[in-house]
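As structure tokens, the structure follows; a few thoughts come after it.
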Amino acid sequence: QVQLVESGGGLVQPGGSLRLSCVASGISIYAMGWYRQAPGKQRELVALIIASGGTSYADSVKGRFAISRDAAKNTVYLQMSSLKPDDTAVYYCNALTQSIPRDVYWGQGTQVTVSS
1228 QVQLVESGGG LVQPGGSLRL SCVASGISIY AMGWYRQAPG KQRELVALII ASGGTSYADS
1288 VKGRFAISRD AAKNTVYLQM SSLKPDDTAV YYCNALTQSI PRDVYWGQGT QVTVSS
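Position 7 (the sequence shown) corresponds to 1234 in the working numbering; numbering is contiguous.
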């Protein structure tokens, strides 16, 4: 059974930091990423990390967010710093399998609210 379990969301003041975690089980992973969806907006890619360690970020979070992984634990992290109210959204973990064609799996989402 495939599971992606996220944790680490919450309420934080502008300028603050949060770290999100996502543990994957039941799959062999090619890439993992974080997406977010704010009310009334489409889901968007925040950051992605592939098996080789390469990363990609949305322009809006470059220099503020950092994605990392622990391959041995099938876990991906998103360290978020200098948070802004515009970062408020539900954050979803995403995983692509090593199989070809690749399967895509999603976590249940974790709320991040940036507000004073």
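Note that CB positions come from ideal geometry on N, CA and C, so glycine has one too.
Do you know how far the Cα of residue j is from the Cα of residue i?
{"i": "Val1258", "j": "Gln1240", "result": "Strictly speaking, residue 1258 in this sequence is Ala, with Val absent from that position. For Ala1258 and Gln1240, the distance between alpha carbons rounds to 31 Å."}
{"i": "Ser1248", "j": "Val1303", "result": "6 Å"}
{"i": "Trp1333", "j": "Phe1292", "result": "20 Å"}
{"i": "Val1317", "j": "Val1339", "result": "6 Å"}
Taking DSSP as the reference, what is the three-state secondary structure of residue i?
{"i": "Val1229", "result": "coil"}
{"i": "Asp1286", "result": "helix"}
{"i": "Asp1297", "result": "strand"}
If I'm right that residue i touches residue j with Cβ under 8 Å, what's the distance once you round it to whole angstroms?
{"i": "Thr1282", "j": "Leu1275", "result": "7 Å"}
{"i": "Ile1256", "j": "Val1229", "result": "About 11 Å; that fails the 8 Å criterion."}
Taking the Cβ atom as the reference point for each residue, do residue i and residue j lie within a distance shorter than 7 Å?
{"i": "Tyr1319", "j": "Tyr1262", "result": "yes"}
{"i": "Thr1337", "j": "Gly1236", "result": "yes"}
{"i": "Pro1312", "j": "Val1288", "result": "no"}
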